[in-house]
Amino acid sequence: MKDTELFTIQYPPVRQFTADIGRIDHGKHYVRSLLEVDVTEALQKLKAMRAPGKKVSFLAWFVKVLADAVAQHPPINGIRQGRSKVVVFKEVNISVIVEKKVDGKAVPLPLVLRNVGAKTSLELNAEIQAAVDQSVEHAGNLVLGRGENEGLLNLALVLPQWLRLAFMRAFILGSPRRVQDMMGTVMISSLGTVGRLSGWMLPTSMHPLSIGIGTLNKKPAIHQGAIEKRDILHLTIAFDHDVIDGMPALAFVDDLVSRLEAGAGLE
Numbered sequence: 001m002k003d004t005e006l007f008t009i010q011y012p013p014v015r016q017f018t019a020d021i022g023r024i025d026h027g028k029h030y031v032r033s034l035l036e037v038d039v040t041e042a043l044q045k046l047k048a049m050r051a052p053g054k055k056v057s058f059l060a061w062f063v064k065v066l067a068d069a070v071a072q073h074p075p076i077n078g079i080r081q082g083r084s085k086v087v088v089f090k091e092v093n094i095s096v097i098v099e100k101k102v103d104g105k106a107v108p109l110p111l112v113l114r115n116v117g118a119k120t121s122l123e124l125n126a127e128i129q130a131a132v133d134q135s136v137e138h139a140g141n142l143v144l145g146r147g148e149n150e151g152l153l154n155l156a157l158v159l160p161q162w163l164r165l166a167f168m169r170a171f172i173l174g175s176p177r178r179v180q181d182m183m184g185t186v187m188i189s190s191l192g193t194v195g196r197l198s199g200w201m202l203p204t205s206m207h208p209l210s211i212g213i214g215t216l217n218k219k220p221a222i223h224q225g226a227i228e229k230r231d232i233l234h235l236t237i238a239f240d241h242d243v244i245d246g247m248p249a250l251a252f253v254d255d256l257v258s259r260l261e262a263g264a265g266l267e
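If you read the sequence shown in full-length UniProt numbering, its first letter stands for residue 1, the second for the next number, and so on.
Set out below in structure tokens:
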């Protein structure tokens with residue numbers, strides 16, 4: 001093969017952490033649910049909130065609803081410690097992925113939204129928008145929002161993967177409090193909610209609870225006894241079964257779906 005028949009691209013440093021998450025995910029025992037959620041009412045309410053200073057994005061509202069549901073089901077907000085304990089937190093910290101341009105390339109970067117239950121959808125919307133607007137000057141900017149752990153993360157990138165994974169397991173994943181502070185108990189990944197394609201995503205994660213927001217499509221559904229076109233969200237919910245039992249997980253899912261379909265918090 002001639003050199004003119006191929007080319008190379010730069011591998012962004014942050015992608016090394018993506019590969020690490022894949023390795024850690026492979027060792028976990030996730031139970032995944034693929035759901036269709038009717039969010040027609042919620043979208044109508046969000047559309048009505050167009051006044052200056054009142055606009056809330058779908059993601060910000062979703063994060064708030066998710067946090068409120070997690071808070072009502074404490075076992076969901078736990079992290080395993082050793083062989084015999086699960087540390088359950090009162091505050092709900094949620095990681096979301098924000099796509100940024102780094103050296104001209106689109107790179108997903110994490111944003112940890114802390115103590116989400118104490119914030120309004122408007123406040124969360126402002127926090128997410130600030131991360132979207134945040135300047136990322138080079139590939140070494142790995143953390144959006146609070147950046148006190150950025151130096152530690154950049155140092156970890158110098159290590160080979162086996163040593164980096166050992167470091168993460170010993171000094172981050174081995175401490176529930178550190179996990180809660182640095183990455184939260186819940187992870188949200190998104191495909192982008194609108195498009196011609198229809199389907200779910202199966203995110204990789206190292207969180208006890210991982211949410212995949214798939215596509216949002218107009219689909220026929222039964223509403224009040226009649227078939228109508230409704231806005232259907234394809235939602236994936238993955239539980240670490242080593243931490244969360246089936247019955248608490250089922251109760252949480254039922255509560256979350258009810259809140260989403262009712263447009264909770266948008267009255």
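Where a beta carbon is used, it is the ideal one built from N, C-alpha and C, also for glycine.
May I have the straight-line CA-CA distance separating ILE76 from MET168, to the nearest angstrom?
Numbered from its first residue, the sequence shown carries residue 76 at position 76. Numbered from its first residue, the sequence shown carries residue 168 at position 168. Taking the straight line from one Cα to the other gives about 22 Å.
Leaving out five residues before and five after GLN16 in sequence, what residues of the same chain have Cβ atoms less than 8 Å from its Cβ?
Numbered from its first residue, the sequence shown carries residue 16 at position 16. LEU157, GLN161 and ARG164, listed in sequence order.
Is THR215 helix, strand or coil when you go by DSSP?
Mapped onto the sequence shown, residue 215 falls at position 215. Of the three classes helix, strand and coil, the one that applies to THR215 here is strand, per DSSP.
Short of 8 Å in beta carbon distance, which residues of its chain neighbour HIS223, apart from the five on each side in sequence? Order them along the chain.
Residue 223 sits at position 223 when you count from the first residue of the sequence shown. Within the same chain, HIS223 has close Cβ partners ASP38, THR40 and ARG230.
What did DSSP end up calling PRO110 once you bin it into helix, strand or coil?
The count along the sequence shown starts at 1 and reaches residue 110 at position 110. Residue state, collapsed to three classes: strand.
Taking a contact to mean a Cβ-Cβ separation below 8 Å, would you say ILE244 touches PRO208 in this structure?
Counted from its first residue, the sequence shown places residue 244 at position 244. Counted from its first residue, the sequence shown places residue 208 at position 208. It is a contact, given that the beta carbons lie within the stated cut-off.
If you reduce the DSSP assignment to three classes, tell me which class PHE89 lands in.
Taking the sequence shown and counting its residues from 1, the one referred to as residue 89 is at position 89. Here PHE89 sits in coil by DSSP.
Between the alpha carbons of SER189 and PRO110, how many angstroms are there, rounded?
Reading the sequence shown from its first residue, position 189 is the one you call residue 189. Reading the sequence shown from its first residue, position 110 is the one you call residue 110. If you take the alpha carbons of SER189 and PRO110, they lie about 10 Å apart.
Report the three-state DSSP secondary structure of VAL24 (helix, strand or coil).
In the sequence shown, the residue the question calls residue 24 occupies position 24. Rather than Val, the amino acid found at residue 24 in this sequence is Ile. If DSSP states are grouped into helix, strand and coil, ILE24 belongs with the helices.
Apply the 10 Å Cβ neighbour rule to GLN44 and answer buried if 16 or more other Cβ atoms are within range, or exposed otherwise.
Here residue 44 refers to the residue found at position 44 of the sequence shown. Answer is exposed; the Cβ neighbour count stays below 16.
What is the C-beta distance between LEU235 and ILE213, in whole angstroms, given that I count them as a contact (C-beta under 8 Å)?
For the purposes of this step, residue 235 is taken as the residue at position 235 of the sequence shown. For the purposes of this step, residue 213 is taken as the residue at position 213 of the sequence shown. With a Cβ gap of about 7 Å, LEU235 and ILE213 count as contacting.
Under the three-state reduction of DSSP, which class applies to residue 271: helix, strand or coil?
What the structure shows of the chain is the stretch from 1 to 267, and residue 271 is not part of that stretch, so it cannot be assessed.
Below 8 Å, can you find three or more Cβ-Cβ pairs linking the segment 47-61 to the segment 107-124?
yes
Is LEU35 helix, strand or coil by DSSP?
Locating residue 35 in the sequence shown gives position 35, where the first residue counts as 1. The answer is strand: DSSP assigns LEU35 an E or B state.
Less than 8 Å between the beta carbons of THR185 and ILE79, yes or no?
Along the sequence shown, one-based indexing puts residue 185 at 185. Along the sequence shown, one-based indexing puts residue 79 at 79. Yes; because the gap between Cβ atoms is below 8 Å, this pair is in contact.
Just to confirm before moving on: does the CB-CB distance between ILE24 and MET182 stay below 8 Å?
To locate residue 24, count along the sequence shown from 1; it is residue 24. To locate residue 182, count along the sequence shown from 1; it is residue 182. No, these two residues do not count as a Cβ contact at 8 Å.
Taking buried to mean at least 16 other C-beta atoms within 10 Å of its own C-beta, is LYS85 buried or exposed?
Here residue 85 refers to the residue found at position 85 when the sequence shown is read from its first residue. Looking at its Cβ environment, which holds fewer than 16 other Cβ atoms inside 10 Å, LYS85 is exposed.
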